[in-house]
Amino acid sequence: MLLRTGEPGALSLPWGFMIMGIVRKPAGRRVRRTLAVCAVAVVVGTLSAAPANATSSGKKGPSVSASTGASMPAGGTSTRTETEPQPGTPGTPEYPRISDGPYAGFQFCSVGAPVVRSGASATFAADVTPSAGDPSYPFPVYPDMNGEFEIALPGAEHEPFVRVTKRVENGRLFVHQNAVLPEGEYRWRVRAEHHGLHSPWTAWCDFVVRPTS
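So the sequence shown is numbered by numbering that gives the first Met the number 0: it starts at 0 and just counts up by one.
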């Protein structure tokens with residue numbers, strides 16, 4: 000009896016094999032060997048007919064990362080980190096300094112604690128620069144730039160007794176002339192503000208108000 004693929008009761012073989020010898024009474028080793036070869040051919044043909052990247056529904060699945068099990072993105076990943084400043088954030092003010100008179104010049108905080116004469120009205124200044132991420136950088140004028148200024152006593156930095164917010168002159172220079180302070184030791188700092196974005200504060204700058212000889 001001969002069964003061709005496609006006929007009722009026939010095995011589905013991808014190569015169109017005909018299986019011969021449905022034998023009622025196997026006779027000898029040759030018949031058993033023939034049946035074994037046919038069975039191997041059926042298994043191999045069925046496996047080779049299946050698509051290499053098929054799912055249970057017959058559709059190809061997404062490319063999956065072996066390490067995470069997630070679909071790999073089509074393009075590259077972003078190199079931006081959460082620690083990067085938002086574009087437009089001003090930089091920390093630089094060169095904080097103090098002067099106690101129009102002809103006295105400025106004393107820089109980086110050199111040591113500036114001394115302000117008793118009875119003098121000290122002027123505080125610092126250079127303010129927007130972040131390099133600002134679309135308008137490095138143009139020199141930023142009309143909406145402000146400086147936030149604080150003075151506190153040493154050890155009481157959490158309770159500054161002077162707090163001032165004022166426009167930065169020419170968009171790049173913060174200047175504040177404070178009222179006369181009693182003799183003693185003080186600290187001050189400043190930060191920039193631009194369109195609601197704040198720079199880090201400068202380090203506290205110590206200064207002393209005392210008589211000068």
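Quick reminder that beta carbons are idealized off the backbone N, C-alpha and C, glycines included.
The way I'd put it, the region 177 to 193 does touch the region 109 to 127; three or more beta-carbon pairs between them come closer than 8 Å.
Under DSSP, asparagine 145 forms a beta bridge with Arg166 and Glu192. A distance below 8 Å separates the beta carbons of alanine 124 and arginine 96. When only Cα atoms are considered, methionine 144 and proline 92 end up about 12 Å apart. Closest in C-alpha terms to proline 101, from the list Ala121, Ser198 and Tyr94, comes Ala121.
Judged by their CB atoms, glutamate 147 and arginine 116 are not nearer to each other than the 8 Å cut-off. At a Cβ-Cβ threshold of 8 Å, proline 129 and histidine 193 count as neighbours. A distance below 6 Å between beta-carbons, with the five flanking residues on each side excluded, links arginine 188 to the following residues of its chain, in chain order: Glu149, Trp200, Thr201 and Trp203. Cβ atoms of arginine 162 and valine 127 stay farther apart than 8 Å, at about 18 Å.
The beta carbon of aspartate 205 is closer than 6 Å to those of Ala112 and Arg186 in its chain, skipping five residues each way along the sequence.
Counting along the chain, the unbroken beta strand (DSSP E) around cysteine 204 starts and ends at 204 to 209.
Here glutamate 93 carries a strand assignment [DSSP, helix/strand/coil]. As a beta-bridge residue in DSSP terms, serine 98 pairs with Thr122.
Judged by DSSP in its simplified three-state form, tryptophan 187 adopts strand.
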